[in-house]
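Participant: Residue numbers (the working numbering): 16 to 437.
Written out as structure tokens, the structure reads:
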């Protein structure tokens with residue numbers, strides 16, 4: 016007899032957002048629309064969205080007590096099983112809301128972490144997700160320790176005078192330290208791989224962009240890679256590097272990266288440093304933008320913010336406006352091409368404009384085989400740091416009060432370094 020497993024019921028989620036000082040109703044609506052997409056990507060059915068206007072969040076419930084009571088009263092009619100808040104909740108707010116609602120309460124950070132946990136495939140990706148989850152969990156153990164106690168046991172696991180909560184906290188801290196050591200090893204391996212690329216003098220191009228902008232589809236088209244490309248947020252998490260040979264026979268390495276997002280949790284950026292440092296180490300950024308999305312400018316700004324946080328601001332960037340086949344007004348395409356000089360418009364799905372993109376890549380990297388030598392005084396520490404950040408340093412040695420640097424550098428930096436050319 017075959018046992019049929021009961022189908023897991025889909026969660027029914029209610030979304031909650033706060034219109035605070037400095038935000039508009041439209042900003043909040045866009046943020047909640049994105050939260051709805053995230054919830055759907057996580058497998059939940061969104062039954063309603065509730066908003067409140069407050070100068071700032073309240074300490075006990077994030078929203079006002081009256082609004083919280085009103086939300087609670089609506090649960091029965093809408094059969095709500097979980098409540099998702101658009102911003103990160105403090106541990107106290109989360110405890111108070113769960114007590115009041117008698118429902119699962121999560122925030123945007125937890126939701127994104129859950130999606131990442133579902134999508135991570137490699138061991139490295141799973142480690143990075145676990146690290147981010149544990150870092151988020153640690154200050155919230157007071158409300159979650161009963162779940163952890165089943166893992167830690169109880170009898171025989173506690174030191175003299177230790178409470179179960181202290182045991183859990185110590186276990187989590189030990190696990191965090193272990194994962195950080197393993198990820199440090201991953202970083203060392205990546206550094207060795209990058210050194211090999213430097214020896215071969217292959218330029219590295221990092222493909223960055225807002226989540227669901229079409230990065231993986233483009234990588235597949237250019238290199239014949241088999242990266243999962245789906246129309247949903249964070250379809251791929253694990254980085255993929257593939258080689259591309261340009262028409263002039265120059266070999267380029269393209270690296271796909273995790274999609275960025277507005278309000279991307281800081282714990283995620285920290286945990287994914289081993290992966291995202293590919294962005295800061297790249298020689299050129301290929302910034303893929305979904306031109307068919309109504310909030311194009313906000314997406315561009317969100318990506319630029321994360322790139323800056325990763326220490327990659329100022330790098331040569333080629334803007335690629337994707338999904339032009341879904342743009343109704345072609346004037347919009349021309350407007351963005353004029354606004355971002357040197358940019359290209361493509362459809363990674365149909366292949367339109369891809370030959371122009373390959374040519375633009377070749378033009379951007381035309382001077383790659385040429386490199387310059389500079390003797391920069393150590394007193395110019397900011398300039399030396401900039402060479403390391405946005406250039407491609409082949410080797411460096413120090414003589415007395417001077418750094419002798421061999422590097423590929425973009426044109427604007429070449430001008431700054433002209434007085435120190437060797």
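All C-beta atoms, glycine included, are put in the ideal place defined by N, C-alpha and C.
Following the continuous beta strand (DSSP E) through residue 131, name the residue where it begins and the one where it ends.
Facilitator: As a working note, residue 131 is residue 116 in the chain shown. Where residue 131 is concerned, there is no enclosing beta strand (DSSP E), although the alpha helix (DSSP H) it sits in stretches over 123–134.
Participant: Just to confirm the assignment, what range does the beta strand (DSSP E) spanning residue 103 have?
Facilitator: Counting from 1 along the chain shown, the entry for residue 103 is found at position 88. Here residue 103 belongs to no beta strand (DSSP E), and DSSP marks it neither H nor E.
Participant: Please report the residue range of the beta strand (DSSP E) in which residue 407 lies.
Facilitator: The residue labelled residue 407 in the question sits at position 392 within the chain shown. Looking at the DSSP string, the run of the beta strand (DSSP E) that includes residue 407 is 407–414.
Participant: Can you list, in chain order, the residues of its chain whose CB lies under 7 Å from that of residue 53, leaving out five sequence neighbours each side?
Facilitator: On the chain shown, position 38 is the one that residue 53 refers to. 126, 127, 130, 248, listed in sequence order.
Participant: Please list, in chain order, all residues of the same chain as residue 293 whose beta carbon is under 7 Å from its beta carbon, the five residues on each side excluded.
Facilitator: The sequence position of residue 293 within the chain shown is 278, counting from 1. So the qualifying residues of the chain are 221, 254, 270, 272.
Participant: If I measure Cβ to Cβ from residue 132 and keep anything under 6 Å in the same chain, skipping five residues before and after, which residues do I get?
Facilitator: Locating residue 132 in the chain shown gives position 117, counting from the first residue. 144.
Participant: Are the stretch 325–335 and the stretch 296–306 touching, with three or more C-beta to C-beta distances below 8 Å?
Facilitator: At 8 Å Cβ cutoff, the stretches touch.
Participant: I want to know whether the stretch 46–61 touches the stretch 80–92 - three or more CB-CB distances under 8 Å.
Facilitator: Touching, no, given that fewer than three Cβ pairs across the two stretches are closer than 8 Å.
Participant: Return the chain-ordered ranges of every beta strand (DSSP E) run that is complete within the stretch 32–69 and spans a minimum of 3 residues.
Facilitator: Runs of the beta strand (DSSP E) inside the stretch 32–69: 60–68.
Participant: Do you know how far the Cα of residue 191 is from the Cα of residue 185?
Facilitator: Numbered from 1 along the chain shown, position 170 holds the residue referred to as residue 185. Numbered from 1 along the chain shown, position 176 holds the residue referred to as residue 191. Straight-line Cα distance between these residues: approximately 10 Å.
Participant: In angstroms, rounded to a whole number, what distance separates the CA positions of residue 39 and residue 33?
Facilitator: Along the chain shown, one-based indexing puts residue 39 at 24. Along the chain shown, one-based indexing puts residue 33 at 18. Cα-Cα distance, rounded: 10 Å.
Participant: Output needed for residue 428: all residues of its chain with C-beta closer than 8 Å, excluding positions within five of it in sequence on either side, in chain order.
Facilitator: In the chain shown, the residue the question calls residue 428 occupies position 413. If we look at residue 428 and ignore the five residues flanking it on each side, its Cβ neighbours are 401, 402, 405, 406.
Participant: How many Å lie between residue 197 and residue 69 at the Cα?
Facilitator: Mapped onto the chain shown, residue 197 falls at position 182. Mapped onto the chain shown, residue 69 falls at position 54. Looking at the two C-alpha atoms, the distance is approximately 44 Å.
Participant: Let me make sure I understand the geometry here. Which of 396, 423, 106, 417 has the alpha-carbon closest to that of residue 409?
Facilitator: Locating residue 409 in the chain shown gives position 394, where the first residue counts as 1. Answer by Cα proximity: 423.
Participant: With DSSP collapsed to three states, give me the class of residue 423.
Facilitator: One-based indexing of the chain shown puts residue 423 at position 408. Of the three classes helix, strand and coil, the one that applies to residue 423 here is strand, per DSSP.
Participant: Taking the C-alpha atoms as reference points, what is the distance between residue 205 and residue 369?
Facilitator: Position 190 of the chain shown, counted from the first residue, corresponds to residue 205. Position 354 of the chain shown, counted from the first residue, corresponds to residue 369. Straight-line Cα distance between these residues: approximately 30 Å.
Participant: Entirely within the stretch 287–347 and at least 3 residues each: give me those beta strand (DSSP E) ranges in chain order.
Facilitator: As far as the stretch 287–347 is concerned, its whole beta strand (DSSP E) runs of at least 3 residues are 299–305, 332–337.
Participant: On the three-state DSSP scale, how would you describe residue 260?
Facilitator: Stepping through the chain shown from its first residue, residue 260 is reached at position 245. Note: residue 260 maps to strand in three-state DSSP.
Participant: According to DSSP, residue 255 sits in a beta bridge with which residue or residues?
Facilitator: Taking the first residue of the chain shown as position 1, residue 255 is located at position 240. Per DSSP, 271.
Participant: Would you tell me roughly how many angstroms separate the C-alpha atoms of residue 296 and residue 327, rounded to the nearest one?
Facilitator: Numbered from its first residue, the chain shown carries residue 296 at position 281. Numbered from its first residue, the chain shown carries residue 327 at position 312. Spanning the two alpha carbons is a distance of roughly 8 Å.
Participant: Just verifying my parser: in three-state terms, what is the DSSP assignment at residue 232?
Facilitator: As a first step, residue 232 is located in the chain shown; it is residue number 217 there, counting from the start. Helix, per DSSP.
Participant: Would you kindly report the start and end of the unbroken beta strand (DSSP E) that includes residue 221?
Facilitator: Here residue 221 is taken as the residue at index 206 of the chain shown, counted from 1. Note, residue 221: beta strand (DSSP E), 219–224.
Participant: Spell out a yes or no on whether the stretch 61–68 and the stretch 109–120 are touching, meaning 3 or more CB-CB pairs, one atom from each, closer than 8 Å.
Facilitator: These segments do not touch.
Participant: Beta-carbon within less than 7 Å of residue 263's beta-carbon, same chain only, minus the 5 sequence neighbours each way: which residues are those?
Facilitator: Sequence index remark: in the chain shown, residue 263 carries index 248 (1-based). The residues are 377.
Participant: Could you name the residues of the same chain whose beta carbon sits closer than 8 Å to that of residue 353, not counting the 5 residues immediately before and after it, in chain order?
Facilitator: Translated into the one-based positions of the chain shown, residue 353 becomes position 338. Counting only Cβ-Cβ distances below 8 Å, and skipping sequence neighbours, we find nothing.
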